[in-house]
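All remarks here apply to the structure that follows.
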Amino acid sequence: MMVIGGAGVAIGVAIGDSSGAEQAQPTQAQPTQTERRSQDSRAAAQRAACDFAALTSTYDYRDLDSYQRAIDAGSTGRYKTDFASGFPNVREFIVLTEMSSTSNDVQCTYQSGDDKRAEVSVQSTHTVTKAFEPPQTVRQEFTVTMEQVDGRWLCAAMEPTQPK
Numbered sequence: 001m002m003v004i005g006g007a008g009v010a011i012g013v014a015i016g017d018s019s020g021a022e023q024a025q026p027t028q029a030q031p032t033q034t035e036r037r038s039q040d041s042r043a044a045a046q047r048a049a050c051d052f053a054a055l056t057s058t059y060d061y062r063d064l065d066s067y068q069r070a071i072d073a074g075s076t077g078r079y080k081t082d083f084a085s086g087f088p089n090v091r092e093f094i095v096l097t098e099m100s101s102t103s104n105d106v107q108c109t110y111q112s113g114d115d116k117r118a119e120v121s122v123q124s125t126h127t128v129t130k131a132f133e134p135p136q137t138v139r140q141e142f143t144v145t146m147e148q149v150d151g152r153w154l155c156a157a158m159e160p161t162q163p164k
């Protein structure tokens, strides 16, 4: 067999009695270990952003302490600080209106970043219920900034997507 290489793909050319399966089999270049780690890191950041977005839109006025702990555990930086300072007023409104929310669908797309910080585009749909009102479906689009802290991807910022 003679091998002709070009553009990163090796092509086998059969000479003699080689079977069809052995003839002209292109091979794919395998990603390097660094490329695999980078791909894994991007995928982990995207999954964490989707999970966090679902978490932020799933709550019940009867158990806001668990919700607050979960948000605190999944966030860092500016988002964590802003949530901690603003949540007492939001909590009061949620309890007064007997509000609950359930995440229905979250779609995430990795936009940019590296192994420590990532920007992820999120499209989220959730259903909000309040006392004496019919359920309402809410759709949101936003960009989540995820940062890796102690081996975990945490939400550092969440900004609404600007209309185009």
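Counting from 1, one number per residue, gives the positions in the sequence shown under UniProt numbering.
Where is the CB? At the ideal position from N, CA and C, for every residue including glycine.
The model shown is predicted, which means the values in this text are computed figures rather than measured ones.
If I'm right that Val128 touches Gln136 with Cβ under 8 Å, what's the distance once you round it to whole angstroms?
Here the question's residue 128 lines up with position 128 in the sequence shown. Here the question's residue 136 lines up with position 136 in the sequence shown. Indeed they touch by this definition, with Cβ atoms about 5 Å apart.
By alpha-carbon positions, which one of Arg152, Gly151, Trp153 and Phe142 ends up nearest to Pro160?
Position 160 of the sequence shown, counting from 1, holds the residue named residue 160. Closest option to Pro160, Cα to Cα, is Phe142.
When you compare each of Arg36, Tyr61 and Thr145 to Ser101 by their alpha carbons, which one comes out closest?
Taking the first residue of the sequence shown as position 1, residue 101 is located at position 101. Nearest of Arg36, Tyr61 and Thr145 to Ser101, Cα basis: Tyr61.
Could you name the residues of the same chain whose beta carbon sits closer than 6 Å to that of Asp105, not counting the 5 residues immediately before and after it, in chain order?
As a first step, residue 105 must be located in the sequence shown, where it is residue number 105. Thr125, listed in sequence order.
For the candidate residues Gln46, Tyr67 and Thr32, whose alpha-carbon lies nearest to that of Leu154?
Translated into positions along the sequence shown, residue 154 becomes position 154. Among Gln46, Tyr67 and Thr32, the Cα nearest to that of Leu154 belongs to Gln46.
For Glu35, count neighbouring C-beta atoms within 10 Å of its own C-beta (all shown protein chains included) and say buried if the count is 16 or more, exposed if not.
Along the sequence shown, read from residue 1 onward, the residue named residue 35 stands at position 35. Exposed: under 16 other Cβ atoms inside 10 Å.
I need the straight-line Cα distance from residue 202 to Thr56, nearest angstrom please.
Outside the displayed range of the chain (1 to 164) lies residue 202, so it cannot be described from this structure.
Minimum C-alpha distance to Tyr67 - residue among Arg78, Phe83 and Thr76
Position 67 of the sequence shown, counted from the first residue, corresponds to residue 67. Cα-wise, what sits closest to Tyr67 is Phe83.
Mind checking whether Val144 and Val120 have CB atoms under 8 Å apart?
Residue mapping note: residue 144 aligns to position 144 of the sequence shown, counting from 1. Residue mapping note: residue 120 aligns to position 120 of the sequence shown, counting from 1. Result yes, Cβ atoms of Val144 and Val120 sit closer than 8 Å.
What residues are listed by DSSP as bridge partners for Tyr59?
Within the sequence shown, the letter at position 59 stands for residue 59. Answer is Ser101.
Which of the three DSSP states is assigned to Gly113 in this structure?
As a position in the sequence shown, residue 113 is number 113, starting the count at 1. DSSP places Gly113 in strand when its eight states are reduced to three.
Would you call the CB atoms of Ala53 and Met146 closer than 8 Å?
For the purposes of this step, residue 53 is taken as residue 53 along the sequence shown, with counting starting at 1. For the purposes of this step, residue 146 is taken as residue 146 along the sequence shown, with counting starting at 1. No, these two residues do not count as a Cβ contact at 8 Å.
Which of the three DSSP states is assigned to Val9 in this structure?
Against the sequence shown, residue 9 aligns to sequence position 9. Here Val9 scores only 33 on pLDDT, less than 50, and its place in the model is too uncertain to base an answer on.
Can you give me the C-alpha to C-alpha distance between Ala157 and Tyr79, rounded to a whole angstrom?
Residue 157 sits at position 157 when you count from the first residue of the sequence shown. Residue 79 sits at position 79 when you count from the first residue of the sequence shown. Each residue's alpha carbon lies about 5 Å from the other.
Thinking just about the alpha-carbon of each residue, which of Pro88, Gln33, Gln123 and Arg37 is nearest to the one in Asp114?
In the sequence shown, counting from the first residue as 1, residue 114 sits at position 114. Checked all of Pro88, Gln33, Gln123 and Arg37; the closest Cα to Asp114 is Arg37.
Restricting to Cα atoms, I'd like to know which of Val122, Ile71 and Lys130 is closest to Met99.
Within the sequence shown, numbered from 1, the residue matching residue 99 stands at position 99. Checked all of Val122, Ile71 and Lys130; the closest Cα to Met99 is Lys130.
Nearer than 7 Å: is that true of the beta carbon of Ala131 relative to any heavy atom of the ligand MN?
With respect to small molecules bound, the structure shown includes none, and the ligand MN cannot be examined in it.
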